[in-house]
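Asker: Below you'll find the structure I mean.
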Amino acid sequence: MQKGAIRVQTENIFPIIKKFLYSDHEIFIRELVSNAVDATQKLKTLASVGEFKGELGELAITVKLDKEKKTLTISDNGIGMTAEEVDKYINQVAFSGAEEFLNKYKGQNEGTNIIGHFGLGFYSSFMVSNVVEIVTQSHKDAPAVRWECDGSPEYTLEETTREAGRGTDIIMHINEESEEFLDEHRIKTILEKFCKFLPVPVKYEDKQINNTHPAWTKKPSELTTEDYQNFYKELYPFSEPPLFWIHLNVDYPFNLTGILYFPKINKSYEIQKDKISLYSNQVFVTDEVKDIVPEFLMLLHGVIDSPDIPLNVSRSYLQGDPNVKKISSYITKKVADKLDEMFRSDRKEFEEKWESIGLFAKYGMMTDDKFREKGNKFLILEDVDGSKFYTLDEYKQETAAIQTNKEEKQVILYATSPIQQDSYISAAKAKGYKVVKLDSLVDAAFLNQMETHWEKVQFTRVDADIADNLIDKDENTSHVLTQDQETRLKALFEKIPQQHVKVELKGLSAESQPVIVTRPEFMRRMKDMAAVGGSGM
Ligand code: ADP
Ligand code: MG
Numbered sequence: 025m026q027k028g029a030i031r032v033q034t035e036n037i038f039p040i041i042k043k044f045l046y047s048d049h050e051i052f053i054r055e056l057v058s059n060a061v062d063a064t065q066k067l068k069t070l071a072s073v074g075e076f077k078g079e080l081g082e083l084a085i086t087v088k089l090d091k092e093k094k095t096l097t098i099s100d101n102g103i104g105m106t107a108e109e110v111d112k113y114i115n116q117v118a119f120s121g122a123e124e125f126l127n128k129y130k131g132q133n134e135g136t137n138i139i140g141h142f143g144l145g146f147y148s149s150f151m152v153s154n155v156v157e158i159v160t161q162s163h164k165d166a167p168a169v170r171w172e173c174d175g176s177p178e179y180t181l182e183e184t185t186r187e188a189g190r191g192t193d194i195i196m197h198i199n200e201e202s203e204e205f206l207d208e209h210r211i212k213t214i215l216e217k218f219c220k221f222l223p224v225p226v227k228y229e230d231k232q233i234n235n236t237h238p239a240w241t242k243k244p245s246e247l248t249t250e251d252y253q254n255f256y257k258e259l260y261p262f263s264e265p266p267l268f269w270i271h272l273n274v275d276y277p278f279n280l281t282g283i284l285y286f287p288k289i290n291k292s293y294e295i296q297k298d299k300i301s302l303y304s305n306q307v308f309v310t311d312e313v314k315d316i317v318p319e320f321l322m323l324l325h326g327v328i329d330s331p332d333i334p335l336n337v338s339r340s341y342l343q344g345d346p347n348v349k350k351i352s353s354y355i356t357k358k359v360a361d362k363l364d365e366m367f368r369s370d371r372k373e374f375e376e377k378w379e380s381i382g383l384f385a386k387y388g389m390m391t392d393d394k395f396r397e398k399g400n401k402f403l404i405l406e407d408v409d410g411s412k413f414y415t416l417d418e419y420k421q422e423t424a425a426i427q428t429n430k431e432e433k434q435v436i437l438y439a440t441s442p443i444q445q446d447s448y449i450s451a452a453k454a455k456g457y458k459v460v461k462l463d464s465l466v467d468a469a470f471l472n473q474m475e476t477h478w479e480k481v482q483f484t485r486v487d488a489d490i491a492d493n494l495i496d497k498d499e500n501t502s503h504v505l506t507q508d509q510e511t512r513l514k515a516l517f518e519k520i521p522q523q524h525v526k527v528e529l530k531g532l533s534a535e536s537q538p539v540i541v542t543r544p545e546f547m548r549r550m551k552d553m554a555a556v557g558g559s560g561m
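Numbering follows our numbering, with no gaps: position 258 of the sequence shown is 282.
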């Protein structure tokens with residue numbers, strides 16, 4: 025038997041890295057700026073544990089374009105590298121210096137936020153460059169060095185001088201296919217996307233492009249309502265102010281911060297998904313958070329930041345990641361708790377916002393068991409006349425006297441279009457029923473689902489045949505039609521196909537109407553559901 029180690033030849037691996045490292049080429053900017061941030065953060069860490077005694081100065085990153093030389097340069101005044109370090113961290117592909125640094129200083133400095141993890145980020149520069157140069161001077165007493173490589177496995181390394189002293193320049197000689205990265209505007213757009221909230225100043229064309237202390241990194245106690253609203257404006261300059269927000273802040277069993285905003289939703293609201301941005305240590309990762317945030321929460325806007333969510337991995341990996349699952353249920357819980365707290369602390373305000381909250385609370389209750397458990401307490405149903413809201417318990421109490429259902433099910437009478445169903449509503453009210461309005465997009469599906477979860481509840485539309493039985497139960501108030509009325513009405517309703525409606529000539533009361541047209545409850549729901557399905561909700 026022969027045992028051995030697989031030998032990887034760098035000649036073969038280089039083109040693969042160049043081509044497939046990232047499908048999105050612009051990501052090289054994120055990687056290199058992240059390395060520069062790491063370099064400054066590491067220096068701060070060393071200073072804080074007494075291993076660096078020099079002047080920190082103003083730590084910053086600059087990005088410069090030189091159109092004539094066709095170069096893009098990213099510079100920092102961070103930790104820098106000695107020749108040995110260049111050899112160790114750059115010449116050994118996939119040896120992650122960030123990981124090594126984190127392990128060494130773990131526990132010593134809680135504030136260490138290092139972005140790198142994989143040891144490949146630097147090489148993304150070759151996706152867009154013919155040649156990459158590194159000019160770097162370590163914070164230690166060592167000469168500056170210049171490394172250069174044209175994307176083949178050969179490199180050169182020599183001593184040099186760095187005018188600015190401590191720090192690193194990554195100089196990319198942009199290749200022909202990538203000339204878009206020599207466009208000022210393009211670079212600015214990319215920087216604003218990935219670097220807008222980086223913790224170290226990033227300067228481009230001598231202007232700082234980032235806010236180093238975005239609201240989500242602060243403590244809730246440091247922030248006023250105005251601060252939250254201003255941050256929302258910073259994220260979505262053209263949006264209406266948000267209804268309310270939730271500040272997320274956990275560090276165990278995973279690390280997560282963020283602010284989720286609840287937008288105003290009304291009937292004409294166009295659902296906007298992908299309005300939550302995912303960050304990792306203030307570096308933008310993606311707008312596609314559908315595997316991290318439960319689907320019903322996709323209506324929320326804002327930012328979540330977690331260094332525990334892997335930066336560079338595929339979607340399918342994310343779905344299976346245990347941290348991602350925990351994060352998703354944590355967010356669900358926070359949102360449910362927030363709604364519960366709002367409901368209990370200011371019911372009036374909660375009711376005023378119910379048009380927005382309701383849609384989303386119902387959607388959540390349909391799709392998430394835990395959320396539904398909490399939602400059962402704050403779900404409210406609006407009376408058709410708009411005068412009042414009932415919780416499930418309140419509805420039960422209010423109608424206790426007239427509930428006659430033999431299966432002891434709590435019947436909830438509802439209307440889907442109160443104006444058209446007005447006479448049924450008045451008839452039901454005359455009997456002491458409360459009729460609630462369930463007319464939003466999500467309602468047809470909602471009540472169907474809730475009946476399976478709430479064993480003791482039966483929703484009945486006010487003009488359904490079942491409701492008719494309820495309302496009419498052991499009543500003698502029916503209005504007796506004259507022969508003439510009956511003949512004329514029968515003729516009128518003969519035109520309506522009987523499988524769609526049920527026509528009964530039995531009058532509810534003289535004041536309301538002498539005839540009832542009802543529709544089997546199940547038929548009606550089929551139609552309502554179809555309408556919802558077709559609307560894209
Ligand atoms: P990672 O960031 O995951 O460690 P990279 O390929 O992005 O992997 O970088 C490799 C290593 O090169 C870093 O860990 C760091 O040690 C070193 N390095 C890269 N850029 C800089 C820089 N601007 N200043 C100092 N060291 C750097
Ligand atoms: Mg990196």
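Even for Gly, the Cβ is constructed at its ideal location relative to N, Cα and C.
As the structure is a prediction and not an experimental result, all values here were calculated from the model.
With DSSP as the reference, label G78 as helix, strand or coil.
Answerer: coil
Asker: Between L206 and K88, is the Cβ-Cβ spacing less than 8 Å?
Answerer: no
Asker: Report all residues from its chain with a CB closer than 7 Å to the CB of S330; omit the five preceding and five following residues, and keep chain order.
Answerer: Apart from sequence neighbours up to five positions away, the residues of its chain that approach S330 with a beta-carbon distance below 7 Å are F278, N279, L280, S304 and I351, ordered along the chain.
Asker: Examine the ligand MG and report whether any of its heavy atoms sits within less than 7 Å of the Cβ of G145.
Answerer: Checking every heavy atom of the ligand MG against the Cβ of G145, one is found closer than 7 Å.
Asker: Whole angstroms are fine: how far does the CA of N127 sit from the CA of D62?
Answerer: Straight across, the Cα-Cα distance linking D62 with N127 is about 14 Å.
Asker: Quick one: grab the DSSP three-state call for S301.
Answerer: strand
Asker: Anyone know if the C-beta pair for K357 and K386 falls short of 8 Å?
Answerer: For the 8 Å CB-CB criterion, K357 and K386 do not form a contact.
Asker: In angstroms, rounded to a whole number, what distance separates the CA positions of I283 and S369?
Answerer: 21 Å
Asker: I need the straight-line Cα distance from K77 to G189, nearest angstrom please.
Answerer: 16 Å
Asker: Using three-state DSSP, classify A488 as helix, strand or coil.
Answerer: strand
Asker: Tell me whether D100 is buried or exposed, calling it buried when 16 or more other Cβ atoms sit within 10 Å of its Cβ.
Answerer: Its Cβ being crowded by 16 or more others within 10 Å, D100 is buried.
Asker: By the DSSP assignment, the alpha helix (DSSP H) with M151 in it spans what residues?
Answerer: Counting along the chain, M151 falls outside any alpha helix (DSSP H), and DSSP gives it neither H nor E.
Asker: When the distance is taken between beta carbons, is D251 closer than 8 Å to T97?
Answerer: For the pair T97 and D251, the CB atoms are not nearer than the 8 Å cut-off.
Asker: I believe E406 touches K461 by the beta-carbon criterion, under 8 Å. Please report the beta-carbon distance rounded to the nearest angstrom.
Answerer: 5 Å
Asker: Quick check: what's the CA-CA separation for E82 versus Q65?
Answerer: 12 Å
Asker: Spatial neighbours of F413 within its chain, please: C-beta separation below 6 Å, excluding the five flanking residues on both sides.
Answerer: Once the five neighbours on either side are set aside, the close Cβ partners of F413 are E375, I404 and E406.
Asker: Which term fits V73, buried or exposed, when burial requires 16 or more other beta carbons within 10 angstroms of its beta carbon?
Answerer: exposed
Asker: May I have the straight-line CA-CA distance separating K91 from V159, to the nearest angstrom?
Answerer: 20 Å
Asker: Are L437 and T484 close, meaning C-beta to C-beta below 8 Å?
Answerer: yes
Asker: Could you have a look at V309 and say whether DSSP puts it in helix, strand or coil?
Answerer: strand
Asker: Where does the unbroken beta strand (DSSP E) through I404 begin, and where does it stop?
Answerer: No beta strand (DSSP E) holds I404; DSSP gives it neither H nor E.
Asker: Below 8 Å, can you find three or more Cβ-Cβ pairs linking the stretch 46-57 to the stretch 211-225?
Answerer: Result yes; three or more Cβ-Cβ pairs closer than 8 Å.
Asker: Could you check where the alpha helix (DSSP H) with W478 kicks off and where it finishes?
Answerer: Taken as a continuous stretch (DSSP letters only), W478 belongs to no alpha helix (DSSP H), as it is neither H nor E.
Asker: At a cut-off of 7 Å, is D392 close to the ligand ADP when judged by its beta-carbon and the heavy atoms of the ligand?
Answerer: For the ligand ADP, not one heavy atom lies less than 7 Å from the Cβ of D392.
Asker: Since I believe V156 is in contact with C173 (beta carbons under 8 Å), could you give me their beta-carbon distance rounded to a whole number of angstroms?
Answerer: 6 Å
Asker: Report the residue ranges of all alpha helix (DSSP H) runs contained in full by the stretch 200-225; include only those spanning at least 4 residues, in chain order.
Answerer: 208-219
Asker: Helix or strand or just coil, what does DSSP make of Y228?
Answerer: Residue state, collapsed to three classes: strand.
Asker: Do Y285 and H325 have their beta-carbon atoms positioned less than 8 Å apart in this structure?
Answerer: yes
Asker: What first and last residue would you give for the alpha helix (DSSP H) that runs through Q421?
Answerer: L416 to T423
Asker: Give me the Cα-Cα distance between A29 and V117, rounded to the nearest whole angstrom.
Answerer: 18 Å
Asker: Going by Cα to Cα distance, which pick from W478, F268 and N154 is closest to E365?
Answerer: F268
Asker: Out of V226, Q253 and K458, state which residue places its alpha-carbon closest to the alpha-carbon of Y419.
Answerer: For Y419, the closest C-alpha among the options V226, Q253 and K458 is that of K458.
Asker: Quick check on the DSSP output: the alpha helix (DSSP H) that includes G282 runs from which residue to which?
Answerer: Premise fails: G282 lies in the beta strand (DSSP E), L280 to F286, not in any alpha helix (DSSP H).
Asker: Check whether the Cβ of S58 lies closer than 7 Å to any heavy atom of the ligand MG, and answer yes or no.
Answerer: yes
Asker: How many Å lie between N347 and Q161 at the Cα?
Answerer: Taking the straight line from one Cα to the other gives about 38 Å.
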